[in-house]
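Chemist:
There are 2 protein chains.
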Amino acid sequence: MKNRTKRQLAIKQAILSGRISSQDELLHIMKDQGFELTQATLSRDLKILKVAKVSDQALGYVYVIPEGVNTENQRENSRINFLADGFRDLQFSGNLAVMRTMPGYASSLAAVIDNSEPYEIIGTIAGDDTILLIMREGITHSDLINSLILIMPKLEDKLG
Amino acid sequence: MKNRTKRQLAIKQAILSGRISSQDELLHIMKDQGFELTQATLSRDLKILKVAKVSDQALGYVYVIPEGVNTENQRENSRINFLADGFRDLQFSGNLAVMRTMPGYASSLAAVIDNSEPYEIIGTIAGDDTILLIMREGITHSDLINSLILIMPKLEDKLG
DNA sequence: CTTCATTTTGAATATTTATACATTTTCGAT
DNA sequence: ATCGAAAATGTATAAATATTCAAAATGAAG
Chain C
1 MKNRTKRQLA IKQAILSGRI SSQDELLHIM KDQGFELTQA TLSRDLKILK
51 VAKVSDQALG YVYVIPEGVN TENQRENSRI NFLADGFRDL QFSGNLAVMR
101 TMPGYASSLA AVIDNSEPYE IIGTIAGDDT ILLIMREGIT HSDLINSLIL
151 IMPKLEDKLG
Chain A
161 MKNRTKRQLA IKQAILSGRI SSQDELLHIM KDQGFELTQA TLSRDLKILK
211 VAKVSDQALG YVYVIPEGVN TENQRENSRI NFLADGFRDL QFSGNLAVMR
261 TMPGYASSLA AVIDNSEPYE IIGTIAGDDT ILLIMREGIT HSDLINSLIL
311 IMPKLEDKLG
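Chains C and A supply the protein sequences, listed in that same order.
Take the first sequence: its letter number 22 is residue 22 in our numbering, and every next letter is one higher.
Take the second sequence: its letter number 107 is residue 267 in our numbering, and every next letter is one higher.
#1: So, Ile121 of chain C versus Arg136 of chain C, is the Cβ gap smaller than 9 Å?
#2: Is Ile48 of chain C closer than 9 Å to Lys154 of chain C when the C-beta atoms are compared?
#3: Indicate whether Ala321 of chain A and Gln193 of chain A have their beta-carbon atoms separated by less than 9 Å.
#4: Residue range of the beta strand (DSSP E) that Ser253 of chain A falls in?
#5: Could you tell me the boundaries of the alpha helix (DSSP H) in which Thr201 of chain A lies?
#6: Flag Val329 of chain A as yes if its beta-carbon sits less than 9 Å from any beta-carbon of chain C, otherwise no.
#7: Is any beta-carbon of chain A found at less than 9 Å from that of Ile48 of chain C?
#8: Looking at the secondary structure, which residues open and close the beta strand (DSSP E) in which Asp216 of chain A lies?
#9: Which residue's Cα is closest to the Cα of Ala270 of chain A: A:Ala244, A:Phe252, A:Arg179 and A:Ser253?
#10: Looking only at its own chain, which residues have a Cβ that is under 8 Å from the Cβ of Glu156 of chain C, when we skip the five neighbours before and after it?
#11: Cα separation between Glu25 of chain C and Ser181 of chain A?
#12: If we define contact as Cβ-Cβ less than 9 Å, is Ala212 of chain A a contact residue for chain C?
#13: My output table needs one value for Met152 of chain C: the three-state DSSP class, helix, strand or coil.
#14: If we cut at 9 Å on Cβ distances, does Val272 of chain A have a partner in chain C?
#15: Does DSSP put Met102 of chain C in a helix, a strand or coil?
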């Protein structure tokens with residue numbers, strides 16, 4: 001849902017930027033940002049986002065988003081990062097989004113998107129350098145952008 | 161103290177197997193291996209080893225070692241494998257270990273070791289074909305060998 | 001719109017993990 | 001060996017986190 005996606009993105013960013021050492025702390029930060037939620041939801045979100053808690057010299061423990069928890073993930077991550085470099089731009093028309101890529105990248109990038117089955121996108125069609133994304137009804141442009149950033153964080157710079 | 165090191169090594173190994181989902185579970189595994197300890201000690205060990213818990217599709221949650229030995233990407237792994245080929249031999253004198261390498265390999269190999277910050281080694285000094293490893297007090301020769309193998313699995317053949 | 005199924009969430013709670021405090025162990029210096 | 005300081009550990013408990021269960025929200029299909 002709209003709020004869920006936004007919330008998880010905000011959580012991710014809070015963890016990336018700040019030094020969060022407990023769910024309670026994160027809960028307050030989220031509430032300050034206007035989100036309404038409880039610790040239970042936070043716990044579920046952290047699970048979904050694969051956030052981990054590790055010891056830290058300064059704060060005892062901090063939440064982190066592991067770069068590569070195992071080799072498989074790591075390889076997949078760097079593959080996704082590599083593919084995200086092929087992104088050119090994104091434009092909208094109604095409930096369609098058109099992503100343009102460097103030549104040859106479209107089908108691999110579309111596969112990455114399909115694979116993570118974002119709620120906001122009901123399907124993709126890829127050519128050689130263009131991907132057509134069919135957005136679910138009721139999804140806003142920024143919802144879609146957020147969900148793409150969740151899949152490929154690197155896109156944040158280009159989509160900000 | 162010998163026991164502490166051995167125990168933490170064993171914990172590391174158990175975690176690397178990738179199938180531990182709670183401290184209680186790990187506690188039983190350790191006890192089966194003949195270690196006497198409690199959950200409190202385990203919690204402290206995991207903190208020291210910077211072990212983290214992340215969600216996992218199969219088991220709900222699993223413990224992982226987020227940064228270091230086993231989380232290198234493919235390129236890094238093959239680089240380490242390559243460097244490990246430069247290893248010649250290892251000798252001990254008190255709490256010092258001297259690793260000899262093929263000419264030119266020493267500093268890169270030492271960097272690999274430093275980078276993974278093994279508990280057992282408090283520092284290294286590298287020349288062109290020799291690395292001096294300063295061992296933490298209380299660490300045995302085989303503890304050190306084990307930790308090197310953890311960093312560079314290829315060494316197992318030459319050190320086993 | 002209404003109904004049914006599915007997903008999301010909160011409240012309460014169970015489970016898990018971290019730590020305060022006391023005790024024991026280790027180790028160096030007599 | 002004996003002392004004292006520092007480190008390690010266990011017990012008990014506090015703190016943090018995950019999950020159960022019920023309710024609410026959402027979505028699909030008549």
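Cβ coordinates follow ideal geometry from the N, Cα and C atoms, glycine included.
Since we're looking at a predicted model, the values are computed, not measured.
Modeler: This is what the structure gives:
#1: yes
#2: no
#3: What is shown of chain A runs 161 to 320, which leaves residue 321 of chain A out entirely.
#4: Phe247 to Ser253
#5: Gln199 to Ile208
#6: Residue 329 of chain A lies beyond the range of chain A shown here (161 to 320); nothing can be said about it.
#7: yes
#8: Ala212 to Asp216
#9: A:Ala244
#10: Ile149
#11: 25 Å
#12: yes
#13: coil
#14: no
#15: coil
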